[in-house]
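Heads up: the sequence shown is residues 11 to 123, going by the working numbering.
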Amino acid sequence: MRRPLAVIFVLCGLVITTAAADQTCKAKATEQRLAGEALLSFVKRCEVDAQMACMEAAHKMLAEPASEEFIHTCVAKAVGSGPRWCMPHHCRDNSDCTGGAGCDICWAGVCGQ
Numbered sequence: 011m012r013r014p015l016a017v018i019f020v021l022c023g024l025v026i027t028t029a030a031a032d033q034t035c036k037a038k039a040t041e042q043r044l045a046g047e048a049l050l051s052f053v054k055r056c057e058v059d060a061q062m063a064c065m066e067a068a069h070k071m072l073a074e075p076a077s078e079e080f081i082h083t084c085v086a087k088a089v090g091s092g093p094r095w096c097m098p099h100h101c102r103d104n105s106d107c108t109g110g111a112g113c114d115i116c117w118a119g120v121c122g123q
């Protein structure tokens with residue numbers, strides 16, 4: 011069981027490097043000093059791009075049972091919202107982030123840490 015997880019994290023690191031050009035959505039938004047609607051729009055677009063890149067990588071490299079976990083970890087790293095993509099993904103405030111440990115902060119409409 012540990013070996014597939016190690017492969018997932020290595021592959022996720024490779025996808026993030028390619029998909030996010032070494033920067034998370036959060037880092038890019040901070041660098042650009044985005045706020046308000048511009049921040050929400052940017053993060054939403056960046057999250058969709060990350061999800062598409064992660065899904066494509068997962069389907070090329072992994073069996074279906076492992077791909078769901080890979081996608082969640084990969085997207086979370088690309089967005090920069092925490093160690094995993096929280097359920098629910100989107101939020102208006104911290105109380106909307108009910109996905110458990112590590113899903114308690116709402117930033118730019120995305121639940122994370």
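Beta carbons are placed, not taken as given, at the ideal position from N, Cα and C, and that holds for glycine.
For residue i, the three-state DSSP class (helix, strand or coil)
i: H100; result: strand
i: G92; result: coil
i: G109; result: coil
i: T27; result: Unreliable positioning characterises T27 in this predicted model, as indicated by a pLDDT of 44, which lies under 50. The coordinate reading is nonetheless provided below. The answer is helix: DSSP assigns T27 an H, G or I state.
i: T34; result: coil
i: R55; result: helix
i: L44; result: coil
i: L21; result: Only weak support is given to the placement of L21: the predicted model assigns it a pLDDT of 49, under 50, and the value that follows is read from those uncertain coordinates. Helix at L21.
Residues bridged to residue i [DSSP beta-bridge criterion]
i: C84; result: Per DSSP, none; premise fails for C84.
i: W117; result: V120
Residues near residue i in its chain [Cβ-Cβ closer than 7 Å; skip 5 each side]
i: A118; result: A39, L49, L50 and V53
i: D103; result: C116
i: W95; result: H82, V85 and A86
Contacting residues, own chain, Cβ-Cβ under 6 Å from residue i (five flanking each side not counted)
i: A68; result: S77, F80 and I81
i: K36; result: G90
Rounded Cβ spacing between residue i and residue j (contact assumed at less than 8 Å)
i: P93; j: G112; result: 6 Å
Own chain residues within Cβ distance below 8 Å of residue i, not counting five before or after
i: G46; result: none
i: H99; result: E57, V120 and C121
**Prompt:** Is the segment 85 to 92 in contact with the segment 48 to 65, if contact means three or more CB pairs nearer than 8 Å?
**Reply:** yes
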